[in-house]
Amino acid sequence: MKKFLKPLLLGFLAVICAGVAFAQDAATPAAPLTVEQRLAELETKVNATGIDKGDNAWMLTSSALVLFMSLPGLALFYGGIVRKKNVLSVFAQIFATAGIAAIAWWAIGFSLAFAPDGNAIFGGTGWAFFKGVGGDPGTLATVSQNIFAIFQLTFAIITPALIVGAIAERMKFSAVLLFITIWLFLVYFPFAHMVWGGGYLATTIKAIDFAGGTVVHMTSGYSALVLAILLGKRIGYGKEPLPPHSVVLTATGTGILWVGWYGFNAGSAGAADGIAGNAFATTTFAAAIAGLTWGFAEWIFKGKPSVLGFSSGVIAGLVAITPAAGFVSVGSSIIFGVLGGLIPFFAVAYLKNWLGYDDALDTFGVHGVGGTLGAILTGVFADPKINSLVPESGLLVEQIKAVVVTAIWSVVATAVIAFIVKLVVGLRPTEEVEREGLDLAEHGEEGYHS
Amino acid sequence: MKKIEAIVKPFKLEEVKDALHEVGIEGMTVSEVKGFGRQKGHTEIYRGSEYTVDFLPKIKVEVVVADSKASEVAAAIVKAAKTGKIGDGKIFISGIEEAIRIRTEEKGDSAV
Chain A
1041 MKKFLKPLLL GFLAVICAGV AFAQDAATPA APLTVEQRLA ELETKVNATG
1091 IDKGDNAWML TSSALVLFMS LPGLALFYGG IVRKKNVLSV FAQIFATAGI
1141 AAIAWWAIGF SLAFAPDGNA IFGGTGWAFF KGVGGDPGTL ATVSQNIFAI
1191 FQLTFAIITP ALIVGAIAER MKFSAVLLFI TIWLFLVYFP FAHMVWGGGY
1241 LATTIKAIDF AGGTVVHMTS GYSALVLAIL LGKRIGYGKE PLPPHSVVLT
1291 ATGTGILWVG WYGFNAGSAG AADGIAGNAF ATTTFAAAIA GLTWGFAEWI
1341 FKGKPSVLGF SSGVIAGLVA ITPAAGFVSV GSSIIFGVLG GLIPFFAVAY
1391 LKNWLGYDDA LDTFGVHGVG GTLGAILTGV FADPKINSLV PESGLLVEQI
1441 KAVVVTAIWS VVATAVIAFI VKLVVGLRPT EEVEREGLDL AEHGEEGYHS
Chain B
528 MKKIEAIVKP FKLEEVKDAL HEVGIEGMTV SEVKGFGRQK GHTEIYRGSE
578 YTVDFLPKIK VEVVVADSKA SEVAAAIVKA AKTGKIGDGK IFISGIEEAI
628 RIRTEEKGDS AV
């Protein structure tokens, strides 16, 4: 083989050179353009609506960032909090969610969420199988429709993945898959349409939601609460200690989620513009201050500030600012940070124990409560001077109405879906499987071999 | 021959090992164990839920010695491992019926 290498390489180079020589046309000098012609060309370029390369580039980047939030961000965040014997099950559930959401989105989900000619609850079916979804702009004036579609897909992936948090360590893999599939159709697609696609919560109830406080955090949060209650507590909850097996993984996941959230919030501006810049700034302050606030709250009320506390605070702040990021000022975002760190802290540290439900990874406490808080604060602090989409008055009432609709819908839909899933495959694994750990029993793997 | 099992605080391992060398003991087996006697555990807090962790990490050192050396070795371990504070650990001495050095197949005192 070796002695053929030199002649092979030389032959390859010769072919390339011949090809290049062949491809060159003899250059013919063109006639110079008049000033009028050049001006006309320039005016056409400047006035054309169509793809803006900066916007496309930012939306491409944002999509990648949001996917990074799911894998590995959320997987690490949750994975660290569960016990060692269940760490892989979290990854399995999120990987599977990504696949299911992708297929559903391509087939009909994107259309049901964003296509025109629908009704108050669902969009039309004209974009099924990504028909017409190509490089030209569509929903957004300056962004390729296929990029917009994938950007929104990354949201459709992370939202059901959040629910995994409430049922961690005690739901059958098959049940998770079936639940998520139906949940996408009964909750996510309708809400994406109702809030962002011109449906009920945008037209009849005039609520606003910049990046998904309603669509992502409240839906998943309230659904998580219901599912956690229906599933029941983990074996040993309240009696045995069930501490996180690796706060290192959780804290790492938190950092990834924070960075990814820039794609989530600033990307929801749909353009690389000043609004995206506003969202970028408000997101930063809300996250940083909420993290510190939760840590301090723990220090005061529980004795020591923990890294899990800082991590939880950062996430809570990010959740709270999500519906508001491109609508409120930086000054207001600091209030979002303080309240986003405090109120979910009390929900997790006191409300959960008082009500006695096992929200294993605090999806309701952080996303449900944090999302609700964010939606209401948006009603208070959204400023039409920051973003022209903000109405001059009356927003708070509309936001509260939207919260009520979201809570009721999510709760009822989840109860119905859980009932169906229980009939078809059952919800909980057997006691032996739960004690052995889902990784070994359901996935045939161990996260660590010591 | 006697087996001496000493359960000591983890940070005392180096001192115990050096003390054993000084009385002529070259070999030992060490394991990481958990346990408690009268020493209380500690509290950990995760997101507002408090857990009392009863089991404390300890190190178990096992050596097998000739009968005549047993009390000397035990005394050396006590001196090295003692801090005077609760949780210092315990030593158990038991009889060993036979010992074999695998490489040379020696038995008895010359095997330990």
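Residue numbers (this note's numbering), protein chains in the order written: chain A, 1041 to 1490; chain B, 528 to 639. Glycine included, every Cβ here is placed at the ideal spot set by N, Cα and C.
Option in the options with minimal Cα separation from residue i
{"i": "Asp1092/A", "options": "Ala1311/A, Pro1424/A, Val1127/A", "result": "Ala1311/A"}
{"i": "Ile618/B", "options": "Glu624/B, Glu625/B, Ala608/B", "result": "Ala608/B"}
{"i": "Leu1193/A", "options": "Glu1476/A, Phe1108/A, Gly1434/A, Thr1290/A", "result": "Phe1108/A"}
{"i": "Gly554/B", "options": "Val588/B, Ile623/B, Lys606/B, Ile534/B", "result": "Val588/B"}
{"i": "Ala1389/A", "options": "Lys1425/A, Val1370/A, Ser1352/A", "result": "Ser1352/A"}
{"i": "Thr998/A", "options": "Ile1143/A, Leu1241/A, Gly1261/A", "result": "Any answer about residue 998/A is impossible in this case: the structure gives chain A only from 1041 up to 1490."}
{"i": "His1492/A", "options": "Thr1179/A, Ile1203/A, Thr1182/A, Asp1176/A", "result": "Nothing can be reported for residue 1492/A: it is not among the residues displayed for chain A, which extend from 1041 to 1490."}
{"i": "Phe1219/A", "options": "Leu1467/A, Asp1479/A, Ile1426/A, Thr1182/A", "result": "Leu1467/A"}
{"i": "Ala1181/A", "options": "Leu1395/A, Leu1045/A, Ile1329/A, Ala1309/A", "result": "Ala1309/A"}
{"i": "Ile1198/A", "options": "Gly1238/A, Thr1165/A, Ala1136/A", "result": "Ala1136/A"}
{"i": "Gly1276/A", "options": "Ile1222/A, Leu1417/A, Glu1209/A", "result": "Glu1209/A"}
{"i": "Asn1096/A", "options": "Ile1161/A, Gln1077/A, Ile1187/A", "result": "Ile1187/A"}
{"i": "Val591/B", "options": "Ser621/B, Glu633/B, Lys536/B", "result": "Ser621/B"}
{"i": "Thr1243/A", "options": "Phe1044/A, Ala1458/A, Leu1429/A", "result": "Leu1429/A"}
{"i": "Phe1229/A", "options": "Asp1176/A, Trp1146/A, Ile1296/A", "result": "Trp1146/A"}
{"i": "Ala1337/A", "options": "Lys1273/A, Ile1416/A, Gly1381/A", "result": "Gly1381/A"}
{"i": "Lys567/B", "options": "Gly635/B, Val580/B, Ala593/B", "result": "Val580/B"}
{"i": "Ser1392/A", "options": "Lys1246/A, Ser1263/A, Ala1247/A, Ile1269/A", "result": "Position check: residue 1392/A holds Lys in this sequence, whereas Ser was assumed. Measuring from the Cα of Lys1392/A, the nearest candidate turns out to be Ile1269/A."}
{"i": "Gly1411/A", "options": "Leu1358/A, Thr1470/A, Phe1350/A", "result": "Leu1358/A"}
{"i": "Ile1457/A", "options": "Leu1217/A, Ser1369/A, Trp1236/A, Thr1074/A", "result": "Leu1217/A"}
{"i": "Phe1350/A", "options": "Ala1365/A, Ile1329/A, Val1370/A, Ser1372/A", "result": "Ile1329/A"}
{"i": "Glu542/B", "options": "Ala603/B, Ala638/B, Val639/B, Ile627/B", "result": "Ala603/B"}
{"i": "Ser1433/A", "options": "Thr1418/A, Val1443/A, Ala1447/A, Val1445/A", "result": "Thr1418/A"}
{"i": "Val1464/A", "options": "Ala1168/A, Lys1212/A, Val1443/A", "result": "Lys1212/A"}
{"i": "Gly1487/A", "options": "Thr1074/A, Gly1205/A, Ser1129/A", "result": "Ser1129/A"}
{"i": "Ile1355/A", "options": "Leu1271/A, Ile1340/A, Leu1401/A", "result": "Leu1401/A"}
{"i": "Trp1223/A", "options": "Ala1291/A, Trp1394/A, Ala1387/A, Gly1149/A", "result": "Gly1149/A"}
{"i": "Phe563/B", "options": "Leu583/B, Glu532/B, Thr610/B, Gly611/B", "result": "Leu583/B"}
{"i": "Glu1482/A", "options": "Pro1112/A, Phe1131/A, Leu1114/A", "result": "Phe1131/A"}
Assigned secondary structure, residue i (DSSP; H/G/I helix, E/B strand, else coil)
{"i": "Leu1116/A", "result": "helix"}
{"i": "Thr556/B", "result": "strand"}
{"i": "Glu541/B", "result": "helix"}
{"i": "Ile1143/A", "result": "helix"}
{"i": "Glu1031/A", "result": "Summary: the structure shown does not reach residue 1031/A, with chain A confined to residues 1041 through 1490, and so no result is reported for it."}
{"i": "Val1465/A", "result": "coil"}
{"i": "Lys1344/A", "result": "coil"}
{"i": "Ile1121/A", "result": "helix"}
{"i": "Thr1103/A", "result": "In the sequence as displayed, the identity of residue 1103/A is Ser instead of Thr. Here Ser1103/A sits in helix by DSSP."}
{"i": "Ser1129/A", "result": "helix"}
{"i": "Pro1047/A", "result": "helix"}
{"i": "Pro1177/A", "result": "strand"}
{"i": "Ile531/B", "result": "strand"}
{"i": "Ser1490/A", "result": "coil"}
Min CB distance residue i to chain B below 8 Å
{"i": "Ala1389/A", "result": "yes"}
{"i": "Pro1281/A", "result": "yes"}
{"i": "Pro1384/A", "result": "no"}
{"i": "Asp1398/A", "result": "no"}
{"i": "Pro1156/A", "result": "no"}
{"i": "Pro1552/A", "result": "An answer regarding residue 1552/A cannot be provided, because it is not within the stretch 1041 to 1490 covered by chain A."}
{"i": "Asp1402/A", "result": "yes"}
Residue i at chain A interface by Cβ criterion, 8 Å
{"i": "Glu632/B", "result": "no"}
{"i": "Glu624/B", "result": "no"}
{"i": "Gly574/B", "result": "The question names Gly, but residue 574/B in the sequence shown is Arg. It does: the Cβ of Arg574/B has a partner Cβ on chain A nearer than 8 Å."}
{"i": "Glu571/B", "result": "yes"}
* To do: Note down, in chain order, all residues in the segment 534-560 of chain B with a beta-carbon under 7 Å from any beta-carbon belonging to chain A.
  => none
* Asked: Going along the chain, which unbroken runs of the beta strand (DSSP E) with 3 or more residues stay wholly within the segment 563-639 of chain B?
  -> 569-573, 576-580, 583-592, 616-622
* To do: Identify each residue in the segment 577-603 of chain B for which the Cβ-Cβ distance to at least one residue of chain A is less than 7 Å, and report them in chain order.
  => Tyr578, Val580
* Asked: When you check each C-beta in the segment 1340-1369 of chain A against every C-beta of chain B, which residues fall closer than 9 Å?
  -> Phe1341, Lys1342, Gly1343, Lys1344, Ser1346, Leu1348, Gly1349, Ser1352
* Go through the segment 1404-1460 of chain A residue by residue and report every complete run of the alpha helix (DSSP H) that reaches 4 residues or more, in order. => 1409-1421
* To do: Could you tell me which uninterrupted alpha helix (DSSP H) segments, each at least 4 residues in length, are contained entirely in the segment 1190-1258 of chain A, listed from first to last along the chain?
  => 1213-1223, 1240-1243
* What residues in the segment 1273-1302 of chain A bring their beta carbon closer than 7 Å to a beta carbon of chain B? -> Pro1281, Pro1283, Pro1284
* Residue ranges of each alpha helix (DSSP H) within the segment 1261-1336 of chain A, 4 or longer -> 1287-1306
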